[in-house]
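Written below as structure tokens is the structure these notes are about.
Protein chains: 2
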Amino acid sequence: MDKKITINDIAAKAGVSKTTISRYLNDKFDNMSKTTKVRIEQTIAELDYHPNRQAQALKARNSFLIGVSVADISNMYTSRLLKGIGDYFQKTHYQVLIMDADNDINRELSNLEQMMTEQIDGMILQPLVHQPDHYQFLINKKTPVVQVDRYIEPFTWPAVVSDNFQKSVDLAKIFKTKQYDTVIVLANRITGVSSRMNRYNGLKAGLTGSQITVHLIEIDDSNWQSILTATLNVSQRTAIFALNGQVLWSAVRFLKAQQLRVPEDVGLVGYDDDQFADMISPAIASVSQNPQEIGRIAAEKLNLIMNEHGVLPKNIRIPSTIQLRDSL
Amino acid sequence: MDKKITINDIAAKAGVSKTTISRYLNDKFDNMSKTTKVRIEQTIAELDYHPNRQAQALKARNSFLIGVSVADISNMYTSRLLKGIGDYFQKTHYQVLIMDADNDINRELSNLEQMMTEQIDGMILQPLVHQPDHYQFLINKKTPVVQVDRYIEPFTWPAVVSDNFQKSVDLAKIFKTKQYDTVIVLANRITGVSSRMNRYNGLKAGLTGSQITVHLIEIDDSNWQSILTATLNVSQRTAIFALNGQVLWSAVRFLKAQQLRVPEDVGLVGYDDDQFADMISPAIASVSQNPQEIGRIAAEKLNLIMNEHGVLPKNIRIPSTIQLRDSL
DNA sequence: TTGAAAGCGCTAACAT
DNA sequence: ATGTTAGCGCTTTCAA
Chain A
92 MDKKITINDI AAKAGVSKTT ISRYLNDKFD NMSKTTKVRI EQTIAELDYH PNRQAQALKA
152 RNSFLIGVSV ADISNMYTSR LLKGIGDYFQ KTHYQVLIMD ADNDINRELS NLEQMMTEQI
212 DGMILQPLVH QPDHYQFLIN KKTPVVQVDR YIEPFTWPAV VSDNFQKSVD LAKIFKTKQY
272 DTVIVLANRI TGVSSRMNRY NGLKAGLTGS QITVHLIEID DSNWQSILTA TLNVSQRTAI
332 FALNGQVLWS AVRFLKAQQL RVPEDVGLVG YDDDQFADMI SPAIASVSQN PQEIGRIAAE
392 KLNLIMNEHG VLPKNIRIPS TIQLRDSL
Chain B
92 MDKKITINDI AAKAGVSKTT ISRYLNDKFD NMSKTTKVRI EQTIAELDYH PNRQAQALKA
152 RNSFLIGVSV ADISNMYTSR LLKGIGDYFQ KTHYQVLIMD ADNDINRELS NLEQMMTEQI
212 DGMILQPLVH QPDHYQFLIN KKTPVVQVDR YIEPFTWPAV VSDNFQKSVD LAKIFKTKQY
272 DTVIVLANRI TGVSSRMNRY NGLKAGLTGS QITVHLIEID DSNWQSILTA TLNVSQRTAI
332 FALNGQVLWS AVRFLKAQQL RVPEDVGLVG YDDDQFADMI SPAIASVSQN PQEIGRIAAE
392 KLNLIMNEHG VLPKNIRIPS TIQLRDSL
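Keeping their order, the protein sequence lines are chains A and B. Heads up, the first sequence is in the numbering used here, so the first residue is 92 and it goes up one at a time. Heads up, the second sequence is in the numbering used here, so the first residue is 92 and it goes up one at a time.
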């Protein structure tokens with residue numbers, strides 16, 4: 092390994108004090124002679140010097156690090172979310188530290204602890220848990236936080252989310268128009284995940300006063316398939332509403348295996364994964380979110396909070412779009 | 092913002108010197124009285140103290156930061172790659188700094204510069220460019236690097252990749268058996284991307300001596316669709332080989348629009364995105380890579396290089412699997 | 001069993 | 001226009 096070049100090496104080689112080098116690094120050229128400036132520039136290039144960020148951070152008393160905690164890094168929603176966050180911070184002097192909770196509460200906790208040790212200046216959090224007391228240590232710390240996709244209640248930090256409730260209300264209208272008598276909501280465990288709760292509750296709200304029955308089936312339940320079959324057997328015209336991309340594909344797989352036709356035997360509508368929903372036959376109706384925009388706005392909001400304190404917590408809803416296709 | 096708690100605060104409150112606190116933090120209990128240990132433990136818990144990583148890094152002369160540079164963060168391959176990398180480093184004391192080049196050479200360069208400033212201890216690189224001179228500054232720095240998915244030539248750093256060439260040779264056999272007379276390779280620009288080159292060259296190698304013609308069509312070319320149509324018109328039995336997931340879906344979309352039947356009118360085989368390839372009708376044959384394993388192995392390898400210097404550059408191939416389905 | 005003091009690479013207040 | 005110096009939070013040598 093090469094010996095690391097420091098500010099002292101540059102100072103010595105350029106024949107000036109390290110203060111002058113520091114001034115150069117921080118663009119303080121007001122009182123610097125042209126010659127000195129050029130000489131420093133050359134020396135830095137020659138030795139390929141990069142100022143040590145840890146030392147700068149230590150001195151400045153902040154780390155220029157943003158922590159991003161995601162529930163599960165390996166799905167499209169997250170990828171696009173991260174794209175948006177990265178695009179924004181790319182233009183700033185912050186670095187992004189992404190940590191994957193892998194849907195494991197203990198791992199999330201350990202990640203958040205790590206972030207504290209890294210002295211992160213701010214954080215974007217897709218919380219695994221709905222209860223604020225689980226994040227109490229973070230709340231106490233007063234670290235700037237922006238939530239994405241989901242939020243804890245009561246609101247402690249601003250959240251940037253999709254308009255989940257409203258879009259389910261809209262879907263309810265469609266179910267009524269198409270004269271379904273049963274809607275099965277297929278989801279991962281919804282308790283404690285605000286986005287899923289809102290999708291479920293929005294549907295029920297939109298359906299009040301109608302004759303349509305709503306069933307919730309969680310695929311974490313090992314015998315969800317038999318529950319689903321049983322439910323289908325006792326209903327006339329049923330639609331399945333899959334609350335995320337992964338669940339949608341489980342549903343498609345199930346229907347294929349059971350040789351149930353869509354939409355003749357059962358209607359189907361999902362969330363996300365638009366480009367694929369569009370591709371299969373019949374094309375599947377879905378609610379299309381905008382995770383990249385959610386990420387971008389969250390990053391922007393966080394930057395605002397970090398640098399001009401006192402912005403109030405607020406719930407920011409990014410519109411999603413219902414893509415009506417052949418499956419309903 | 093709360094005043095940050097430092098080692099001095101703990102020392103003062105616990106009534107010992109900061110040396111002793113430091114010893115506690117670094118598990119040096121050999122000569123520490125039980126009482127002192129307990130008192131420190133309590134004080135740390137009470138004040139919710141987290142040692143400052145920047146200060147530790149400055150002292151230790153390394154950052155405990157790993158840089159990961161990916162070509163494009165928003166696709167499934169990358170997500171799963173990152174999952175593997177994260178899972179590995181999760182168990183170490185390293186943090187992972189993920190940077191997205193967004194397929195932009197300048198942005199990649201800027202990211203790598205940033206990483207130098209962050210004093211990263213090591214790097215996992217999915218290079219955008221094939222030529223070593225583009226990465227010369229990195230090579231000079233002697234930063235430990237492991238390449239993933241692709242590599243620059245001649246080999247400078249070890250690379251963990253899929254067995255691209257071999258799997259294309261295997262596919263060639265299948266094309267022969269199924270008596271195709273033309274294979275169209277559909278891809279993003281392959282020049283300078285070793286994985287794509289190997290897939291293309293493997294196919295040609297496997298086909299030498301046969302009567303089968305190979306055409307390469309790059310979808311970056313704005314009129315790829317007309318080129319494709321023209322090619323299909325002059326051939327008898329054609330198969331399309333799409334070199335990655337994204338391109339595969341472009342192909343599916345194209346064939347659907349042209350109302351060409353698969354496999355009757357044209358055969359189709361792709362790469363990645365297995366769960367979707369499996370879902371559509373007809374199910375599409377595809378080569379299934381293992382990006383999570385690639386990530387894990389790369390991380391492991393990097394850790395090895397960083398901590399026990401002198402491991403020689405080597406090309407590690409992770410097997411992928413050909414999933415033969417109805418589309419061929 | 002514990003502490004004092006020096007120093008990691010940088011910035012900034014205060015010189016000159 | 002530039003330099004001297006103290007100090008950010010930590011680890012480590014040396015001493016007690």
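Glycine included, every Cβ here is placed at the ideal spot set by N, Cα and C. A quick note: this is a predicted structure, and the numbers were derived from the prediction, not measured.
Please check the pair residue i and residue j, which I expect to be a contact at CB under 8 Å, by giving their CB distance rounded to whole angstroms.
i	j	result
Val360/B	Ser377/B	6 Å
Met397/A	Asp212/A	6 Å
Leu172/A	Gln302/A	Their Cβ separation, rounded to whole angstroms, is 38 Å, which puts Leu172/A and Gln302/A out of contact at 8 Å.
Asn289/B	Asn255/B	4 Å
Phe236/B	Ala389/B	Residue identity check: residue 236/B is Val in the sequence provided, not Phe. Not a contact, Cβ separation roughly 10 Å.
Ala342/A	Leu277/A	6 Å
His141/B	Met207/A	4 Å
Assign residue i to buried or exposed, taking buried as 16 or more other Cβ atoms, counted over all protein chains shown, within 10 Å of its Cβ.
i	result
Ile196/A	exposed
Val187/A	buried
Lys95/A	exposed
Asp364/B	buried
Ala348/B	exposed
Glu199/A	buried
Gly336/A	buried
Gln327/A	exposed
Nearest chain A C-beta to residue i closer than 9 Å, yes or no?
i	result
Pro354/B	no
Glu209/B	yes
Trp340/B	yes
Gln383/B	yes
Met214/B	no
Ala148/B	yes
Phe228/B	yes
His225/B	no
Glu186/B	Position check: residue 186/B holds Gln in this sequence, whereas Glu was assumed. Yes, contact with chain A.
Arg416/B	no
Met190/B	yes
Glu204/B	yes
Just to confirm, are residue i and residue j a CB contact at a threshold of 9 Å?
i	j	result
Tyr242/A	Ala330/A	no
Ala151/B	Arg130/B	no
Lys267/A	Gly293/A	no
Ala333/B	Ala296/B	no
Gly158/A	Glu209/A	yes
Lys392/A	Val252/A	no
Ala192/B	Val161/B	yes
Leu298/B	Val274/B	yes
Trp340/A	Gln366/B	yes
Leu149/A	Ala146/B	yes
From what residue to what residue does the alpha helix (DSSP H) around residue i run?
i	result
Asp100/B	Ile98 to Ala105
Tyr291/A	Ser285 to Leu298
Ile196/B	Ile196 to Thr208
Thr183/B	Unbroken run through Thr183/B: none, as it is neither H nor E.
Ile385/A	Pro382 to Asn398
Leu219/B	Element bounds for Leu219/B: n/a, residue is neither H nor E.
Does residue i get closer than 9 Å to chain B when you measure Cβ to Cβ?
i	result
Ile101/A	no
Lys392/A	no
Leu200/A	no
Gln145/A	yes
Ser377/A	no
Gln302/A	no
Gln366/A	yes
Met92/A	Low local confidence applies: a pLDDT of 44 at Met92/A is under 50, so the model's placement there is unreliable, with the coordinate-based value given in what follows. Chain B, which has a Cβ nearer than 9 Å to the Cβ of Met92/A, makes this yes.
Thr169/A	yes
Arg152/A	yes
Asn166/A	yes
Glu137/A	no
Hey, quick one: how far does the beta strand (DSSP E) through residue i stretch, first residue to last?
i	result
Ile413/B	Thr412 to Gln414
Asp365/A	No beta strand (DSSP E) holds Asp365/A; the alpha helix (DSSP H) holding it covers Asp365 to Ala368.
Phe332/B	Thr329 to Ala333
Asn153/A	Where Asn153/A is concerned, there is no enclosing beta strand (DSSP E), given that its DSSP letter is neither H nor E.
Asn406/B	Asn406 to Ile409
Within the present structure, is the beta-carbon of residue i separated from the nearest heavy atom of the ligand ADP by less than 8 Å?
i	result
Pro218/B	For the structure depicted, the ligand ADP is absent and the ligand set is empty, with no information on it obtainable.
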